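**Student:**
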Amino acid sequence: MNIFHRIVFASFLEEEEKIKKVFRHPFLFLFKRVLFCLILWGSLTFLVWFFVPYINGIPIWWFVVAFLVFKVFSAFFFWYINAILMTTESLLFIDWPRVFERRFQRLDFSQLDTVTVEKIGVNSFFLNFGTLVFQKIGGDLIRIEKVNAPNWVARRIERFREQRLDEKNFTEESALKDLISQLVQTHVKSNGQPEREEFTSKPLKKERKKEQSFKQKPRFEEQNIEIEKSFDDEGGIEIDLDERD
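With the first letter of the sequence shown counted as 1, position 138 gets the number 138 in this note's numbering; the numbers rise by one all the way through.
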């Protein structure tokens, strides 16, 4: 923010608020107004100087020249002051049509929803000016007419808005993390470290015993068989197998 911005817009800014960009009406409109003042009041100055240069020794044409300078300066001043300010905090819409009539409106970036551009007429397309429509989240609209290079202005505002919102979210997340860490440290100081549960090895031992019993289990069950033998009448041997449990 240069010194001239700081002086002219000081009454509109809050503490520690800085101007990032200023958007105005096309300079062609100022040039037309200044040219009209130069032609009109310059011709009047010449006529006064030619016909009535002095009255009682006082140069009258000097007063006409002073009034001409005032008109040119006032045209430049009102072109300069009627602008859209993109600051580090929000958007400022300044409307100052006359000396004792001043209005301005502030729009925070968190309340801004979309920025649209309207170009109507041949002059707006060839001279590259148009109307910017700022839509709030609540649905209200702010219309600024005859803005120079409206498409470029809309892109700059939207990019800066996204950047500021990202920085704000990052700052809030960092503050939240710091707050949580401070709460944890305060809790540890007052109550001490939390006790951890001890895990016994009993379940593991039971599982190992089951595995070992499963491994040691025989594949076939043992059977007790009792053998009885006796001699028949012919002198042979008869064998009887009796299965016992």
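Ideal Cβ positions, reconstructed from N, Cα and C, are used throughout, including at glycine.
Predicted, not measured: the structure shown is a model, and the values here were computed from it.
1. Short of 6 Å in beta carbon distance, which residues of its chain neighbour residue 246, apart from the five on each side in sequence? Order them along the chain.
2. In whole angstroms, give me the CA-to-CA distance for residue 106 and residue 18.
3. Give every residue of the same chain whose Cβ lies closer than 8 Å to the Cβ of residue 161, excluding the five residues on either side of it in the sequence, and list them in chain order.
4. For a test of the three-state rule: what should DSSP assign to residue 204, helix, strand or coil?
5. Here's a check: name, in chain order, each residue in its chain whose Cβ is nearer than 8 Å to the Cβ of residue 8, leaving out the five neighbours to either side.
6. In terms of residue numbering, what span does the beta strand (DSSP E) encompassing residue 133 cover?
7. Exposed or buried, residue 23, counting other C-beta atoms within 10 Å across all chains shown (16 or more means buried)?
8. Go to residue 123, then tell me how far its alpha helix (DSSP H) extends in each direction, as first and last residue.
9. According to DSSP, is residue 26 helix, strand or coil?
10. If you compare alpha carbons, which of 78, 132 and 89 is closest to residue 101?
11. For the alpha helix (DSSP H) holding residue 64, just list the boundary residues, first then last.
12. Determine the extent of the beta strand (DSSP E) in which residue 104 is found, giving its start and end residues.
13. Which stretch, first to last residue, makes up the beta strand (DSSP E) that contains residue 12?
14. Here's a check: name, in chain order, each residue in its chain whose Cβ is nearer than 8 Å to the Cβ of residue 59, leaving out the five neighbours to either side.
15. Considering only the beta carbon of each residue, do residue 247 and residue 142 sit closer than 8 Å?
16. Counting C-beta neighbours from all protein chains within 10 Å, is the total for residue 3 16 or more, i.e. buried, or is it exposed?
17. Taking the straight line between their C-alpha atoms, what separation do you get for residue 68 and residue 42?
18. I need the boundaries of the beta strand (DSSP E) containing residue 115, first residue and last residue.
**Tutor:** To lay it out plainly:
1. A query on residue 246 cannot be resolved here, the shown segment of the chain reaching from 1 to 245 and no further.
2. 14 Å
3. 109 and 112
4. With a pLDDT of only 48 at residue 204, under 50, the local geometry of the prediction cannot be trusted, and the value read off the model is given with reservation. The answer is helix: DSSP assigns residue 204 an H, G or I state.
5. 80 and 81
6. 129-136
7. buried
8. 122-126
9. coil
10. 78
11. 60-81
12. 101-108
13. From DSSP, residue 12 is part of no beta strand (DSSP E); its letter is neither H nor E.
14. 53
15. Residue numbering for the chain in the displayed model covers 1 to 245; residue 247 lies beyond these limits and cannot be assessed.
16. exposed
17. 7 Å
18. 112-118
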